[in-house]
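Asker: In our numbering, the protein residues as written are 2 to 988. I have a structure I would like to understand better, so I am pasting it below and will then ask my questions one at a time.
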């Protein structure tokens, strides 16, 4: 430590250095002020020198550039010398000069200087810290009252100075000027350091003003700037960002950058790694990443945060705990990762995590007890509920078709008068109890069983030991079970058994396991596929017994299979036989299916109900109707919200390149106007082979629909119980036809459009496809073709209101839905196999349309009237003219909507189509046009019109076409169909 005398010498030397620095700045300021305006030299940034080589420095703009930059430099000298008011004046003058000549870099510096000078006056104590006093351990000699008086005096002085200073920015203007300066800095790649500093300064000022959202925007700009920093500087940068985000309340971003700083502490480029600091920062960053070390805070049904990032954070936390030497904590963190992030882990990640957990547990076994860290943090216990994965948990008493199910009581009608006794909380408790009750019968002192179906999610043998049932209520003696699951085993059945020692209600709450070196208490409430927190048992009276069967080919004892083509319908039945001793008085049918049951399976229950009661030995049937519900549209079609009308893949480039040619539809339809033709002879075979692979790869879709027949009779029905007879239908839906791509094109008339489908025969037989009135084609097996279908445009009565409401996401979805339904209702695709009697329909339900498609599908709200030399012409009329002859073209735009259209752009474009795929738009040497070819229309009134005309003179003979279109601010494009054709000949 230095002596008091040495400190005094140091103080005097520092004061002398500051005084010298001030006089140096003052002398430079006076030297610059004495320079003549016409003799001012041009100040340059280091990276600007080569930009001014060879330029005329005596030009007016360069003189202003030199003056503006020197004035800005004067402001810098004044600000460094403490002359803030003078600095403001110079900065204001410099910004006005530099703005006039678009000198963005130095303008940004002037704006930043003006903000800095204004901030010094507004916030004099913003960056001032309390000085460290010598002998600070001694009591202060200055009374507190004198210090308060001095502070008050400084505040009064600051307020009075603020009123006197000219060109002083308001707090809002400071932020605005800083934002403008940062924008100008970003225009220069070599100014990234200056831009970074400006973002930090602006963020701190925004925090000072409590403008937290603006501060967040400035901080976000810092990350986008690419800087070359070493590891220590990167850590400081990330910690600074974390601290600033913490100040503005952005906890998630603060934790994010804190976690990045933690990884930098142990980076391979960091020569001094610090795992303890890394672990501490990782723990601090958990909350911002929506992570908590308590599994109860994480619900599998509610996903919060970013799973990929959360997995990485937890993996880093495990690694840091291991490197620190806390084996028990590392095992707990790894167990937490495997359990909580199970749904977000891939199969490979689960395998790797399980092996890592097993290795960590070999050093310190995991147990379901809390852990306390040295810092006092308590880590909650974690149970491996997903290892092994419980697929089902069924209390066994009777066989599946004999298990009783609780019937819902039908409320009696007591008239309009209701009586509800006041019994607070009792109704809620009863309802919760009813949902947890399982209607199975168990007997005391008898072996009772619970069947579990377990899956091994890992590609290695999984050993589970000491597996027991967890119960409460009546005394229950559970027997331990040790099992080994084969690699990748699924739905392996095991039975946990025990004996009830008391009569009463027994609650089964879960089971305990010991696997991967971790002991776990797996509660049913935490198992996703169980859905109940506990199971209960009771005794019920007798019930009838029903046996179900089907005339379809049987697959199992209680199942049958049926094969359908997509879009095909088949009628069948279900045979019901009463094989019990009691008549069946009540019956109900339901179905469980992965897909919408009404689309796949339907039935008529009324004739069966009319035959009840069904006496013992009696038989009846239930009519069934199967339908091969499937999607006929390719799911790989590009996102219609991000593309225009050209949405096809490689084969569809044909449509994209020819859709602009007005003659294309006529030539295209010429191949399909006959009532029937073989598609193999068409010109589309060139790309048909590209769909053959798709045909081979599309495998049949298998669905399983479980038909449930609930039935009952007295006395069991009086007690509120029934039985369920199940029959499983395995439905195989084979592909019939499949639409791989689609597009829309304008037709010859404005009331129609062409829906062009790339359709493939996915069967192994010859198929006939009918796609319109008297239009059909034969398709060989695994063959594809392209067909155009004329469709009426969607009328304005359906979607006209969407032109008024705008183009929000909701409106676009509603418009897409309306147009899709319109197409699906008008287009009927009927297929039939030539070799058999099987047939069906292919639906276009759910077809998606891009923004460009929507403009073609829906009816245009604009009608066109075109006149030549004052005479109206027909849409298909071809005009004749001569070289040098002037034509007066008039265009009248008619608004068909009941509300005005705003901000329209009328565009007239002349071009030549050479009929060989080449179109020329550069016609400056062939056409002379008088009048605007692009007109802005602010408003076209409801049912009103707008008129524009221009005069054109053709300089060379040939055929010319005119593309006339109107574009709205929402990027809708409405074109005149067909194009105006002008044949110009020599005089």
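We put the beta carbon where it would ideally sit given N, CA and C, even for glycine. Here the structure is a predicted model, which means the values were calculated and not measured.
Go ahead and pull the three-state DSSP assignment for residue 122.
Answerer: Position 121 of the chain shown, counted from the first residue, corresponds to residue 122. If DSSP states are grouped into helix, strand and coil, residue 122 belongs with the helices.
Asker: What separation, rounded to the nearest whole angstrom, lies between the Cα atoms of residue 539 and residue 464?
Answerer: Position 538 of the chain shown, counting from 1, holds the residue named residue 539. Position 463 of the chain shown, counting from 1, holds the residue named residue 464. Straight-line Cα distance between these residues: approximately 34 Å.
Asker: Secondary structure at residue 763, three-state DSSP: helix, strand or coil?
Answerer: For the purposes of this step, residue 763 is taken as the residue at position 762 of the chain shown. In this structure, residue 763 counts as coil in the three-state DSSP scheme.
Asker: Under three-state DSSP, which class holds residue 147?
Answerer: Translated into positions along the chain shown, residue 147 becomes position 146. Its pLDDT being 46, under 50, residue 147 is placed unreliably by the model, and nothing is read from it.
Asker: Specify the secondary structure class of residue 561 as computed by DSSP and reduced to three states.
Answerer: Taking the chain shown and counting its residues from 1, the one referred to as residue 561 is at position 560. It is a strand residue.
Asker: Check whether the region 619-626 touches the region 569-582, taking contact to mean three or more Cβ pairs, one atom from each stretch, closer than 8 Å.
Answerer: Touching, yes.
Asker: Is residue 704 closer than 8 Å to residue 1 when the C-beta atoms are compared?
Answerer: The structure shown does not extend to residue 1, since the chain spans only 2 to 988, so no value can be given for it.
Asker: With a 10 Å radius around its C-beta and 16 neighbouring C-beta atoms as the bar for buried, classify residue 903 as buried or exposed.
Answerer: Along the chain shown, one-based indexing puts residue 903 at 902. Under this definition residue 903 is an exposed residue.
Asker: Per the contact definition of three or more C-beta pairs closer than 8 Å, is the region 464-476 in contact with the region 506-513?
Answerer: Judged by Cβ distances under 8 Å, the region 506-513 makes contact with the region 464-476, as three or more pairs qualify.
Asker: For residue 966, write down the residues that DSSP places opposite it in a beta bridge.
Answerer: By 1-based counting over the chain shown, the position of residue 966 is 965. Answer is 908 and 976, bridged to residue 966.
Asker: Indicate whether residue 791 and residue 755 have their beta-carbon atoms separated by less than 8 Å.
Answerer: On the chain shown, residue 791 is found 790 positions in, with the first residue counted as 1. On the chain shown, residue 755 is found 754 positions in, with the first residue counted as 1. Going by C-beta atoms, residue 791 is nearer than 8 Å to residue 755.
Asker: Alpha carbon to alpha carbon, how far is residue 212 from residue 222?
Answerer: Taking the first residue of the chain shown as 1, we reach residue 212 at position 211. Taking the first residue of the chain shown as 1, we reach residue 222 at position 221. So the two alpha carbons sit approximately 16 Å from each other.
Asker: Pick from 442, 490, 81 and 397: whose alpha carbon is nearest that of residue 450?
Answerer: Here residue 450 is taken as the residue at index 449 of the chain shown, counted from 1. Closest by alpha carbon: 397.
Asker: When the distance is taken between beta carbons, is residue 905 closer than 8 Å to residue 855?
Answerer: As a first step, residue 855 must be located in the chain shown, where it is residue number 854. As a first step, residue 905 must be located in the chain shown, where it is residue number 904. Contact flag unset, no.
Asker: Can you give me the Cβ contacts of residue 959 inside the same chain, cut-off strictly under 7 Å, excluding the 5 residues immediately before and after it?
Answerer: Sequence index remark: in the chain shown, residue 959 carries index 958 (1-based). Excluding sequence neighbours, residue 959 sits near 913 and 985.
Asker: Going by the beta-carbon positions, is the gap between residue 294 and residue 251 smaller than 8 Å?
Answerer: Taking the chain shown and counting its residues from 1, one reaches residue 294 at position 293. Taking the chain shown and counting its residues from 1, one reaches residue 251 at position 250. In this structure, residue 251 does not lie closer than 8 Å to residue 294 by Cβ.
Asker: Run the CB neighbour count on residue 21, radius 10 Å, all protein chains shown included, and call it buried at 16 or more, exposed below.
Answerer: On the chain shown, position 20 is the one that residue 21 refers to. The residue is exposed, with fewer than 16 neighbouring Cβ atoms inside 10 Å.
Asker: Compare the C-alpha of residue 356 against each of 318, 299, 403 and 461 and name the closest.
Answerer: For the purposes of this step, residue 356 is taken as residue 355 along the chain shown, with counting starting at 1. Out of 318, 299, 403 and 461, 461 has the C-alpha closest to the C-alpha of residue 356.
Asker: Could you name the residues of the same chain whose beta carbon sits closer than 7 Å to that of residue 217, not counting the 5 residues immediately before and after it, in chain order?
Answerer: The sequence position of residue 217 within the chain shown is 216, counting from 1. The answer, listed in chain order, is 249 and 251.
Asker: Thinking C-beta only, is residue 760 closer than 8 Å to residue 785?
Answerer: The count along the chain shown starts at 1 and reaches residue 785 at position 784. The count along the chain shown starts at 1 and reaches residue 760 at position 759. Yes, the Cβ-Cβ distance between residue 785 and residue 760 is below 8 Å.
Asker: Along the chain, which unbroken stretches of the beta strand (DSSP E) at least 3 residues long are found entirely within the region 323-408?
Answerer: Segments of the beta strand (DSSP E) lying fully in the region 323-408: 390-397 and 405-407.
Asker: Does the structure place the region 325-344 close enough to the region 251-266 that three or more beta carbon pairs sit under 8 Å?
Answerer: With a cut-off of 8 Å, the region 325-344 and the region 251-266 do not count as touching, because too few Cβ pairs lie within range.
Asker: For residue 379, count the other beta carbons within 10 Å of its own beta carbon; 16 or more makes it buried, fewer makes it exposed. Which is it?
Answerer: Numbered from 1 along the chain shown, position 378 holds the residue referred to as residue 379. Classification of residue 379: exposed, given that the 10 Å Cβ count is below 16.
Asker: Check whether the Cβ atoms of residue 199 and residue 176 sit closer than 8 Å, and answer yes or no.
Answerer: Start at 1 with the first residue of the chain shown, and residue 199 comes out as number 198. Start at 1 with the first residue of the chain shown, and residue 176 comes out as number 175. It is not a contact, given that the beta carbons lie outside the stated cut-off.
Asker: Within 8 Å of any Cβ in chain D, is that where the Cβ of residue 631 sits?
Answerer: Of the protein chains in this structure there is only one, and it is not chain D.
Asker: Should the region 452-461 be called in touch with the region 481-496, which here means at least 3 C-beta pairs below 8 Å?
Answerer: Segments in contact, yes.
Asker: Among residues of its own chain, excluding the 5 on either side of residue 987, which ones have a beta-carbon nearer than 8 Å to its beta-carbon?
Answerer: As a working mapping, residue 987 is identified with position 986 in the chain shown. If we look at residue 987 and ignore the five residues flanking it on each side, its Cβ neighbours are 883, 884 and 958.
Asker: I'd like to check one pair, residue 921 with residue 832: are the Cβ atoms closer than 8 Å?
Answerer: Within the chain shown, numbered from 1, the residue matching residue 832 stands at position 831. Within the chain shown, numbered from 1, the residue matching residue 921 stands at position 920. Going by C-beta atoms, residue 832 is not nearer than 8 Å to residue 921.
Asker: Helix, strand or coil for residue 87? Go by DSSP, reduced to three states.
Answerer: What you label residue 87 is simply residue 86 of the chain shown in a count that begins at 1. Residue 87 falls in the helix class under three-state DSSP.
Asker: With 16 as the cutoff for other CB atoms within 10 Å, does residue 841 come out buried or exposed?
Answerer: Position 840 of the chain shown holds residue 841. Its Cβ being crowded by 16 or more others within 10 Å, residue 841 is buried.
Asker: Quick check on this structure: which residue in 594, 585 and 969 has the alpha carbon closest to the alpha carbon of residue 612?
Answerer: As a position in the chain shown, residue 612 is number 611, starting the count at 1. If we check each option's Cα against that of residue 612, 585 comes out closest.
Asker: Skipping 5 residues on each side, what residues in its chain have a beta carbon closer than 8 Å to that of residue 998?
Answerer: The structure shown does not extend to residue 998, since the chain is modelled only from 2 through 988, so no value can be given for it.
Asker: Just curious, the alpha helix (DSSP H) that residue 823 is in, first and last residue?
Answerer: Numbered from its first residue, the chain shown carries residue 823 at position 822. Note, residue 823: alpha helix (DSSP H), 810-827.
Asker: According to the Cβ coordinates, are residue 235 and residue 265 closer than 8 Å?
Answerer: Here the question's residue 235 lines up with position 234 in the chain shown. Here the question's residue 265 lines up with position 264 in the chain shown. In contact: residue 235 and residue 265 (Cβ atoms closer than 8 Å).
Asker: From the DSSP output, in three-state form, read off residue 791 for me.
Answerer: Residue mapping note: residue 791 aligns to position 790 of the chain shown, counting from 1. DSSP places residue 791 in strand when its eight states are reduced to three.
Asker: How is the beta strand (DSSP E) around residue 772 delimited, first residue to last?
Answerer: As a working mapping, residue 772 is identified with position 771 in the chain shown. 768-773 is the span of the beta strand (DSSP E), which, as asked, contains residue 772.
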